[in-house]
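In the UniProt record's numbering, the protein residues as written are 1 to 751.
In structure tokens:
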């Protein structure tokens, strides 16, 4: 009995949905990471993404106008988006960012799409989600790639101008992450449509969590098709299929709403019971019956690589800007809180991780801008960027403390804090993405021979044994080379190479090469020893995925520092923290993988090949944390680069913080004079800072201009450290309690 036959008995069968997911998408620079040799030359050769004149004009015009018209606090205390905002989005083609110009769309690049969504998300997550969904996985993108000419001409022009609002329904109460298990069905049958008997489908569905469903005019729907009467052939189960159904079609139910974390975008349910639809409603027509899952997973790039990561970046940039400014202006014990080491550690972490996020955002959208659909990269982006966004926001909440938890127009964190878990749950919870998708897809797509080998194992072709043996030989040769490379780079540090022209980058590039070289044999050995059981060993496969992900993030950080930074002197501490953190996380994941590998002998071999005998990895120094924390409280081009998504609107919380921050920098020299004078001749009693400064002015120690500037700063400082406050109506409270008991919507108690 051949090796292939034995493996066929041992390895679990791959389901149709799994196979289609593995086949979907493209392989990009992540393959070089998996193979142990990060392709830094290819990384540096990627064309730099920039905004076109039209894209920049859209940001400066309609996007800026939208930001000025949205009051997010008022919105969150309402029931839904105001009609004037929805009308503005429609008229200005916010729902048509990806629709081709020939259909009336804007046809913007992935980089522009990401920038627009993230910019809106800083102001309002509800509005950002409303814009995001039609430009992500949904009817528009599916029609563009798979629709018939008639379907494209019918729907895309209306979608472009918001005449039609789309939603897409996949998730069912009984099927979330396991989308292949959706119970929604379409039975091939004949029925009446437009007064004629035609061949079609009787569709029954029950969907939830569907964004824009309550206001959608056209429903994209995924369901399984069955042909019990063999009207289409001799096959009874035809597979997942996608259809486009007008809301006005008889039997379609769109309406009931969910309440996702109080973020007021439209999200709800759709149902239908034995709704007859003609074959023309299937996206791409009858020939695309059963191709739905393949179509869906092929189009996940926009959601995974653009929209959801954009939410994480927006949250982080908003947190960095407001926290750095607040830490500089807010004082305790006569010292800015940003000078306390406890705050410095956290503030540096926010800054370093925001650098990582912006770097990953740019690189990922640059890859998508090449026309690629890198499924592994977009999975890494979705998981790590949404998680990092949440991490950064949580840290900022800790620093801003009481100011961060009081809701109101001046609060710059509450919006992102409440909305970030939503981005994390979309398209499958992050646990699924990390544990199953990143390394699972990565191993199959990035290994030069693995996919071909698995296909041959399950093949019934007579020549499969012969072809398998050839591929097996190549695989063994590949694995041996990986092992030798890992051993060499683990012990002989002089074999580690770097191509960067910047001396500060070279040591990190060498560490990246060494870490990638170690990943390759660990992946080979785990697949060899565990085989199909590695799929079940989710904690192990997740760690291998983490190594891949943090190396991808490291590549993004290097590229951003080399190609995007305008002042490397200012940016160096940001880069140092970001790259050290990424590599540290990757090295820690590798150590934990080796330490927890279940086979003792294999674990010992892994230690030898990778020089992994200890759990310790190089840590970020306290000196760098202090340096980076201080840098965030300075006025610099790198801080502008890392907070460029935050568009300050006069009178909003960001404007108030920024004004106080700039005013303090303007009077720093005068404040030193004030402090020196007060130490020499203390003002007793010290009623307030304003009182003390007035006394100094009266005593001639501050001239009129200095006095005016300090008082102006102090007024702005007091405004920046305050929180919103409201009158409280007890009668309204009592009335609201009664409304809640009756199951009605309470009224806003803020005045």
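The beta carbon of each residue, even a glycine, is placed where N, CA and C say it ideally should be.
Inset, instruction - Can you tell me which of 549, 161, 467, 665 puts its alpha carbon nearest to the alpha carbon of residue 435? - result: For the purposes of this step, residue 435 is taken as the residue at position 435 of the chain shown. Of 549, 161, 467, 665, the residue nearest in Cα terms is 549.
Inset, instruction - Keeping to the same chain, check which residues put their C-beta closer than 7 Å to that of residue 219; ignore five residues upstream and five downstream. - result: Locating residue 219 in the chain shown gives position 219, where the first residue counts as 1. These residues qualify, in order along the chain: 167, 169, 245, 247, 252, 254, 270.
Inset, instruction - Whole angstroms is fine: what's the gap from residue 710's alpha carbon to residue 314's? - result: The residue given as residue 710 occupies position 710 in the chain shown. The residue given as residue 314 occupies position 314 in the chain shown. Distance between the alpha carbons of residue 710 and residue 314 is about 33 Å.
Legend entry - Which of helix, strand or coil DSSP assigns to residue 752: Since the first and last residues shown for the chain are 1 and 751, residue 752 lies out of range.
Inset, instruction - Mind checking who residue 193 pairs with in its DSSP beta bridge? - result: Numbered from its first residue, the chain shown carries residue 193 at position 193. Residue 193 pairs with 196.
Legend entry - Assigned secondary structure, residue 1 (DSSP; H/G/I helix, E/B strand, else coil): Indexing the chain shown from 1 puts residue 1 at position 1. Residue confidence is low: residue 1 scores 48 on pLDDT, short of 50, so the model does not pin down where it sits. Its coordinate-derived value is still stated next. Coil at residue 1, not helix or strand.
Legend entry - Nearest-angstrom Cβ-Cβ length linking residue 561 and residue 553, presumed shorter than 8 Å: Translated into the one-based positions of the chain shown, residue 561 becomes position 561. Translated into the one-based positions of the chain shown, residue 553 becomes position 553. Their Cβ separation, rounded to whole angstroms, is 13 Å, which puts residue 561 and residue 553 out of contact at 8 Å.
Inset, instruction - Keeping to the same chain, check which residues put their C-beta closer than 7 Å to that of residue 176; ignore five residues upstream and five downstream. - result: Here the question's residue 176 lines up with position 176 in the chain shown. There are no such residues.
Inset, instruction - Counting only runs of 4+ residues fully inside the region 410-456, write out the alpha helix (DSSP H) ranges in chain order. - result: 414-425, 438-446
Inset, instruction - Flag this pair as yes or no: are the beta carbons of residue 321 and residue 646 separated by less than 8 Å? - result: Within the chain shown, residue 321 is the residue found at index 321, counting from 1. Within the chain shown, residue 646 is the residue found at index 646, counting from 1. Yes. Within cutoff.
Inset, instruction - Quick one: give me the first and last residue of the alpha helix (DSSP H) that residue 113 is part of. - result: The sequence position of residue 113 within the chain shown is 113, counting from 1. Per DSSP, residue 113 is one residue of the alpha helix (DSSP H) stretching across 110-123.
Inset, instruction - Please classify residue 202: does DSSP put it in a helix, a strand, or coil? - result: Residue numbering aside, residue 202 sits at position 202 when the chain shown is read from its first letter. Look at residue 202 here: in three-state DSSP terms it is strand.
Inset, instruction - Would you mind working out which of 406, 82, 201 sits nearest residue 126, comparing C-alpha positions? - result: Numbered from 1 along the chain shown, position 126 holds the residue referred to as residue 126. For the residues 406, 82, 201, the minimum Cα distance to residue 126 belongs to 82.
Legend entry - Between the CA atoms of residue 63 and residue 281 - distance to the nearest angstrom: The residue labelled residue 281 in the question sits at position 281 within the chain shown. The residue labelled residue 63 in the question sits at position 63 within the chain shown. In a straight line, the C-alpha of residue 281 is about 34 Å away from that of residue 63.
Inset, instruction - With residue 257 as the anchor, note down where its alpha helix (DSSP H) starts and where it stops. - result: The residue labelled residue 257 in the question sits at position 257 within the chain shown. According to the DSSP assignment, residue 257 belongs to no alpha helix (DSSP H) but to the beta strand (DSSP E) extending over 253-257.
Inset, instruction - Grab me the residues of residue 108's own chain with a C-beta within less than 6 Å of its C-beta, minus the 5 sequence neighbours each way, in chain order. - result: Taking the first residue of the chain shown as position 1, residue 108 is located at position 108. Excluding residues up to 5 positions away in sequence, 55, 97 lie with their Cβ nearer than 6 Å to the Cβ of residue 108 in the same chain.
Inset, instruction - Please report the Cβ distance between residue 714 and residue 689, rounded to the nearest whole angstrom; I am assuming they are in contact, meaning their Cβ atoms lie under 8 Å. - result: Walking along the chain shown from the start, residue 714 turns up at place 714. Walking along the chain shown from the start, residue 689 turns up at place 689. Their Cβ separation, rounded to whole angstroms, is 6 Å, which keeps residue 714 and residue 689 in contact under 8 Å.
Inset, instruction - Can you tell me which of the three DSSP states residue 618 falls into? - result: Indexing the chain shown from 1 puts residue 618 at position 618. In the structure shown, residue 618 sits in coil (DSSP, three-state: anything other than H, G, I, E or B).
Inset, instruction - Return yes when the Cβ of residue 186 is within less than 8 Å of the Cβ of residue 762, no when it is not. - result: Any question about residue 762 goes unanswered here, given that the chain covers just 1 to 751.
Legend entry - Integer Cβ distance of residue 227 from residue 204, believed to fall under 8 Å: One-based indexing of the chain shown puts residue 227 at position 227. One-based indexing of the chain shown puts residue 204 at position 204. 15 Å between Cβ atoms; not a contact.
Inset, instruction - Please say whether residue 238 and residue 289 have beta carbons closer to each other than 8 Å? - result: Position 289 of the chain shown, counted from the first residue, corresponds to residue 289. Position 238 of the chain shown, counted from the first residue, corresponds to residue 238. A contact, by the Cβ cut-off of 8 Å.
Legend entry - Stretch pair the region 62-76 + the region 406-416: three plus CB contacts closer than 8 Å: Contact holds: three or more Cβ-Cβ distances are below 8 Å.
Inset, instruction - Leaving aside the five residues before and after residue 336 along the sequence, list all residues of the same chain whose C-beta is less than 6 Å from its C-beta, in chain order. - result: The residue given as residue 336 occupies position 336 in the chain shown. Correct list, in chain order: 328.
Inset, instruction - Write down every uninterrupted run of the beta strand (DSSP E) in the region 378-402 whose length is 3 residues or greater and which is fully enclosed by it, in chain order. - result: Listed in chain order, nothing qualifies, since the region 378-402 has no complete beta strand (DSSP E) run of 3 or more residues.
Inset, instruction - With hydrogens ignored, establish whether the beta-carbon of residue 444 is closer than 7 Å to any heavy atom of the ligand MG. - result: Of ligands this structure carries none, so the ligand MG is not represented either.
Legend entry - Backbone secondary structure at residue 272 - three-state DSSP: Here residue 272 refers to the residue found at position 272 of the chain shown. Three-state result, residue 272: strand.
Legend entry - Length of the line joining the Cα atoms of residue 264 and residue 145: On the chain shown, residue 264 is found 264 positions in, with the first residue counted as 1. On the chain shown, residue 145 is found 145 positions in, with the first residue counted as 1. When rounded, the distance between both Cα atoms is 31 Å.
Legend entry - Below-8 Å beta-carbon distance, residue 366 vs any chain B residue: The chain inventory of the structure shown lacks chain B, comprising one protein chain alone.
Legend entry - Beta-carbon proximity list for residue 478, same chain, < 7 Å, skipping 5 on both sides: As a working mapping, residue 478 is identified with position 478 in the chain shown. Answer for residue 478: 448, 449, listed in chain order.
Legend entry - Inter-residue spacing [alpha-carbon to alpha-carbon] between residue 130 and residue 216: In the chain shown, the residue the question calls residue 130 occupies position 130. In the chain shown, the residue the question calls residue 216 occupies position 216. Straight-line Cα distance between these residues: approximately 11 Å.
Legend entry - Identified DSSP bridge partners for residue 166: Against the chain shown, residue 166 aligns to sequence position 166. Its beta-bridge partners are 218.
Inset, instruction - Compute the distance between the beta-carbons of residue 51 and residue 112, then report whether it is under 8 Å. - result: As a working mapping, residue 51 is identified with position 51 in the chain shown. As a working mapping, residue 112 is identified with position 112 in the chain shown. In this structure, residue 112 lies closer than 8 Å to residue 51 by Cβ.
Legend entry - Same chain, Cβ closer than 8 Å to residue 235, neighbours up to 5 away in sequence not counted: The residue given as residue 235 occupies position 235 in the chain shown. The residues are 227.
Legend entry - Three or more C-beta pairs below 8 Å linking the region 606-614 and the region 510-521: yes
Legend entry - Segment contact, 8 Å Cβ cut-off, at least three pairs: the region 339-354 with the region 86-101: no
Legend entry - Inter-residue Cα distance where the pair is residue 496 and residue 580: Along the chain shown, read from residue 1 onward, the residue named residue 496 stands at position 496. Along the chain shown, read from residue 1 onward, the residue named residue 580 stands at position 580. Each residue's Cα considered, the two are about 17 Å apart.
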